[in-house]
Structures are given as structure tokens and as C-alpha cells.
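Residue numbers (our numbering): 25 to 274. Every residue, glycine too, gets a C-beta built ideally from N, C-alpha and C. Quick caveat: nothing in here was measured; it's all calculated off a predicted structure. See structure below.
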């Protein structure tokens, strides 16, 4: 074994230089939620979007129709009194992996040979940079939201042997196989420097504070009130955004 290959064996990176195929790739980027709604049965709900924003969803919130005027507020958005740039974060269009699979012939027609996916890990936001789970595909991208949520609720996060394959997970594996059969490579985007505040470990810190096993995963500070004895927590959010708690770097 050469010195270089021995170094790569212990490296945290898969590549210290871009692979040759990447230099010659014709890329296509997909933001799944905004790409194509192939299965209306798995559309986002207030439950799947819970805690994604600083603002609560209106009671009459609904999916935004494809082709809706980008700068026109929806009827449910107008009574909120919030400006366009606040309510636009509430929009969902229902894009999913079925929609991506349906367009494989289109990708072939374009002549692309590599797809870069914006995050598709399970998360309440439209952009999925606020991971709720890293090891699952977002429940609204599969075919059975309630079933997938029930499977995930059975898991012990500390014990991978209890983890389940959800319909969304299996659907993504099927999609990758189909893309590979067409000579299309796949790259995934993840946010490893922060999670969402719905991430299971952060929720444990919020609940158990300084007694949490995961308190050192984040930049936390615990403050005990001298009069009441109550303990509160402060933490760092990525670029100050509190629903994106920042992970400690090692």
C-alpha cells in the first residue's frame, strides 16, 4: 500500500481531489420540494411542517398551486399581516421522488449525466437543511407519511439495529438504481454543521438540559436562576438562526 492510499484510508474525506468523472460531468441540480409533484397523496401537511419557521402556519394553510404567481400572496397568507418574504417560507408545492423518477426520460433528453440533490433528509422545512433525521429521507418524498412516521417513532436513535427502512428510504434507493442504469451519477447535499431544532438529539437537550447525553453535541450554556433554582439553556444557532442549532466542531 502506498503512503498516499494509506493516508486516504484514514481520511475523513472520500476524495482529497475531485474524481475525474466530476470534471467531465454535466450536472443537473434538483430541489425536490419544488421540482415535480408526482404523488399528491404524500403532500406536506401542517404536521410535517411543524416548527420549521418562527411563524406558525395559518389555520387555513394549503399547498401553493404549481404556476401560482410567485409574487402574489396566497389567500391564506394575506390575513397574517406578514410580508411576502415571511409567508413565502410557508409555501409548499408537494414535489417528491415520484416526480423526479417520472422525469428520467427528460434528464436523458437533456444529456446530463450527474444529479446534485439539495438535502432530502427528513426535515420540516422546504429546504431540508434543518435535519430532523439524517438517516431517513423526508417523509413527504415517499408514499406513506403516516406509516413512515410510525416506523420512525419505534426507533431507538442510539441503536441502529432498531432503525427501519421507510417507504421514502426505499423509494430513494430505487430511484438511485434507475438513475445509475441510465448512466446518471448522484450527489447528495447535507448540512453537517448544524441540525434543525426538531432533531432528536437537540430535543433531548431541550428536555433534559445539562443532564442530556447530547449536551456537548451543541454549543450550549446552562444558567441556573439563583432564586428559583430553575435551569434555562442558551445555544448558538447557525449564523444566529435559532431553529438551526449549531453543532460543535471537532
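Residues bridged to residue i (per DSSP)
i	result
residue 248	255
residue 270	218
residue 261	269
residue 95	According to DSSP, residue 95 bridges with nothing at all.
residue 145	161
Three-state secondary structure (DSSP) of residue i
i	result
residue 55	coil
residue 225	helix
residue 40	coil
residue 138	strand
residue 242	strand
residue 25	Confidence at residue 25 is low in this model, with a pLDDT of 41, below 50, so the placement of that residue is unreliable and no value is reported for it.
residue 64	helix
Extent of the continuous alpha helix (DSSP H) run through residue i
i	result
residue 177	169-177
residue 211	Taken as a continuous stretch (DSSP letters only), residue 211 belongs to no alpha helix (DSSP H), being part of the beta strand (DSSP E) at 209-212.
residue 183	Segment: none, residue 183 is in no alpha helix (DSSP H) and carries neither H nor E.
residue 109	108-111
residue 191	191-205
residue 123	121-126
Residue i versus residue j - alpha carbon distance
i	j	result
residue 225	residue 156	9 Å
residue 116	residue 253	43 Å
residue 184	residue 214	20 Å
residue 61	residue 248	49 Å
residue 128	residue 245	48 Å
residue 122	residue 235	43 Å
residue 71	residue 95	26 Å
residue 153	residue 220	7 Å
residue 172	residue 59	22 Å
residue 68	residue 265	23 Å
Cβ shell of residue i (< 8 Å), same chain only, five flanking positions each side left out
i	result
residue 92	98
residue 237	228
Contact set for residue i: own chain, Cβ-Cβ below 7 Å, skip 5 residues either direction
i	result
residue 42	none
residue 80	none
residue 168	191
residue 89	none
Close-in-space but distant-in-sequence residues of the same chain around residue i (CB under 6 Å, 5 per side omitted)
i	result
residue 260	243, 270
residue 200	210
residue 85	100
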